[in-house]
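Number of protein chains: 2
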Amino acid sequence: MTEENTAGVVFAVMTEIGIIAQLSRTALEARLPDELIAPHFTVLNHLVRVRDGQTPMAMANAFQTPKTSMAYTLKILEKRGLIEMRPNPEDGRSKCVWLTDAGRALREDTIAKVGPDFAAVVQSFGLDRFVEMLPHLRAFRILLDENRDETGISNRGEMP
Amino acid sequence: MTEENTAGVVFAVMTEIGIIAQLSRTALEARLPDELIAPHFTVLNHLVRVRDGQTPMAMANAFQTPKTSMAYTLKILEKRGLIEMRPNPEDGRSKCVWLTDAGRALREDTIAKVGPDFAAVVQSFGLDRFVEMLPHLRAFRILLDENRDETGISNRGEMP
DNA sequence: CTTGTTTAGTACGAAATCGTTCTATATTGA
DNA sequence: TCAATATAGAACGATTTCGTACTAAACAAG
Numbered sequence: 001m002t003e004e005n006t007a008g009v010v011f012a013v014m015t016e017i018g019i020i021a022q023l024s025r026t027a028l029e030a031r032l033p034d035e036l037i038a039p040h041f042t043v044l045n046h047l048v049r050v051r052d053g054q055t056p057m058a059m060a061n062a063f064q065t066p067k068t069s070m071a072y073t074l075k076i077l078e079k080r081g082l083i084e085m086r087p088n089p090e091d092g093r094s095k096c097v098w099l100t101d102a103g104r105a106l107r108e109d110t111i112a113k114v115g116p117d118f119a120a121v122v123q124s125f126g127l128d129r130f131v132e133m134l135p136h137l138r139a140f141r142i143l144l145d146e147n148r149d150e151t152g153i154s155n156r157g158e159m160p
Numbered sequence: 161m162t163e164e165n166t167a168g169v170v171f172a173v174m175t176e177i178g179i180i181a182q183l184s185r186t187a188l189e190a191r192l193p194d195e196l197i198a199p200h201f202t203v204l205n206h207l208v209r210v211r212d213g214q215t216p217m218a219m220a221n222a223f224q225t226p227k228t229s230m231a232y233t234l235k236i237l238e239k240r241g242l243i244e245m246r247p248n249p250e251d252g253r254s255k256c257v258w259l260t261d262a263g264r265a266l267r268e269d270t271i272a273k274v275g276p277d278f279a280a281v282v283q284s285f286g287l288d289r290f291v292e293m294l295p296h297l298r299a300f301r302i303l304l305d306e307n308r309d310e311t312g313i314s315n316r317g318e319m320p
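Top to bottom, those sequences are chains A and G. Each residue of the first sequence is one higher than the one before, starting from 1 at the first, in the working numbering. Each residue of the second sequence is one higher than the one before, starting from 161 at the first, in the working numbering.
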């Protein structure tokens with residue numbers, strides 16, 4: 001926890017981010033339907049946030065998660081009618097993942113429900129500090145995203 | 161992704177934090193011994209960062225994770241000789257978790273190995289931005305930590 | 001065109017995570 | 001004191017996550 005050196009600061013930031021992610025994951029799951037867990041929502045959110053029509057492999061890559069894990073998550077989302085899997089017209093091997101109206105609606109509802117849970121915390125923290133942090137976090141995430149694959153992890157989808 | 165309203169900003173920050181946590185989790189696991197995964201390291205780190213000698217229940221609470229999951233993680237760490245479980249002298253029901261020298265050493269080694277992986281990213285991002293963000297993240301994490309249990313999740317350890 | 005190589009997805013078994021239930025100890029309150 | 005309740009951990013089965021092996025389609029080189 002020393003902050004005198006680069007490694008210390010970076011590690012401390014990562015630790016804080018890890019804890020925050022864990023706590024908000026719990027808060028999120030408390031607001032999801034019982035049958036769904038965080039990864040399901042994360043996938044729905046990704047499809048809205050980036051774009052839908054992506055292949056499962058591209059999504060596994062985006063999430064740095066094994067393709068078999070992604071396949072399992074997608075299968076459940078499809079069973080629940082929250083996404084649709086259609087064949088990829090440009091590649092007979094792969095499929096494309098599309099959101100259904102129900103999928104979009106569930107994402108919206110969940111966001112609306114989780115918001116108030118954070119309201120008290122955000123108010124005492126100060127919205128302006130959030131606004132201030134957001135572009136930095138975004139920039140850092142983009143950098144991290146670009147610079148990965150330097151740590152060699154297989155089975156997690158290669159760059160498209 | 162709109163940033164015009166409170167909920168939008170908060171949700172956007174959470175999304176970025178979630179992605180960063182996921183990416184750094186992958187980077188961390190790439191540097192851990194093959195038999196160990198992120199939760200193992202996270203527990204070791206927690207025991208150094210907060211204090212060791214805690215009960216499994218207190219740790220499950222800290223991680224917002226079911227006590228059975230924590231028990232499983234601890235069993236593996238104990239089997240690997242990275243922690244020791246001793247009876248709690250103040251409560252016959254519970255145990256206390258203590259780090260071994262090997263556990264401390266593994267944490268140190270891992271931090272030393274992961275650091276360089278982030279060096280390039282941090283350099284182009286700017287260390288000063290990290291230093292700037294750290295206290296905000298820490299303050300937010302502490303607030304989140306204090307304000308939880310408003311979403312009612314059972315089985316994840318009550319406050320000690 | 002072949003033929004060998006790469007890639008997307010699937011099958012399947014192993015490992016991790018989780019919820020429920022059970023046991024032993026502690027705590028509370030008559 | 002002692003019964004009633006609450007808590008920590010263990011046991012156990014179910015679900016999720018993951019790694020390896022396999023299949024089918026695309027691609028590359030000749």
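In this text, a Cβ means the ideal position worked out from N, Cα and C, and glycines have one as well.
Problem - Coil, strand or helix - residue 87 of chain A by DSSP - result: strand
Problem - Closer than 8 Å at the beta carbon, the chain A residues around residue 178 of chain G - result: 21, 24, 25 and 42
Exercise for the section: Establish whether the CB of residue 257 of chain G and some CB of chain A are separated by less than 7 Å. Expected result: Not one beta carbon of chain A lies nearer than 7 Å to the beta carbon of residue 257 of chain G.
Handout entry: Nearest residue (CA-CA) to residue 72 of chain A, options A:48, A:90, A:37 and A:146
Key = A:37
Exercise for the section: Evaluate the contact criterion for the stretch 54–62 of chain A versus the stretch 100–112 of chain A: three or more CB pairs, one atom per stretch, below 8 Å. Expected result: Verdict: no, contact absent.
Practice task
Please confirm if residue 13 of chain A has its CB atom under 7 Å from at least one CB of chain G.
Solution key: yes
Practice task
Confirm, please, whether the CB-CB distance from residue 22 of chain A to residue 283 of chain G is below 7 Å.
Solution key: no
Handout entry: Nearest residue (CA-CA) to residue 52 of chain A, options A:128, A:103, A:141 and A:125
Key = A:103
Exercise for the section: Answer yes or no: does any C-beta atom of chain A fall closer than 7 Å to that of residue 167 of chain G? Expected result: yes
Practice task
Specify the secondary structure class of residue 287 of chain G as computed by DSSP and reduced to three states.
Solution key: helix
Exercise for the section: Using a Cβ cut-off of 7 Å (strictly closer), state whether residue 245 of chain G contacts chain A. Expected result: Not closer than 7 Å to any Cβ of chain A, the Cβ of residue 245 of chain G fails to qualify, so no.
Exercise for the section: Tell me the start and end of each unbroken beta strand (DSSP E) in the stretch 254–308 of chain G that is at least 3 residues and wholly inside, in chain order. Expected result: Counting only runs of 3 or more, we get 255–259.
Exercise for the section: Return helix, strand or coil for residue 224 of chain G, following the three-state DSSP convention. Expected result: If DSSP states are grouped into helix, strand and coil, residue 224 of chain G belongs with coil.
Exercise for the section: Could you run through the stretch 278–307 of chain G and flag, in chain order, every residue whose CB is less than 8 Å away from some CB of chain A? Expected result: 278, 279, 280, 281, 282, 284, 285, 287, 289, 290, 291, 292, 293, 294, 296, 297, 298, 299, 300, 301, 303, 304, 305 and 307
Handout entry: Below-7 Å beta-carbon distance, residue 210 of chain G vs any chain A residue
Key = no
Problem - Cutoff 7 Å: residue 37 of chain A Cβ touching any chain G Cβ - result: no
Practice task
Output the boundary residues of the alpha helix (DSSP H) element that contains residue 214 of chain G.
Solution key: Counting along the chain, residue 214 of chain G falls outside any alpha helix (DSSP H), and DSSP gives it neither H nor E.
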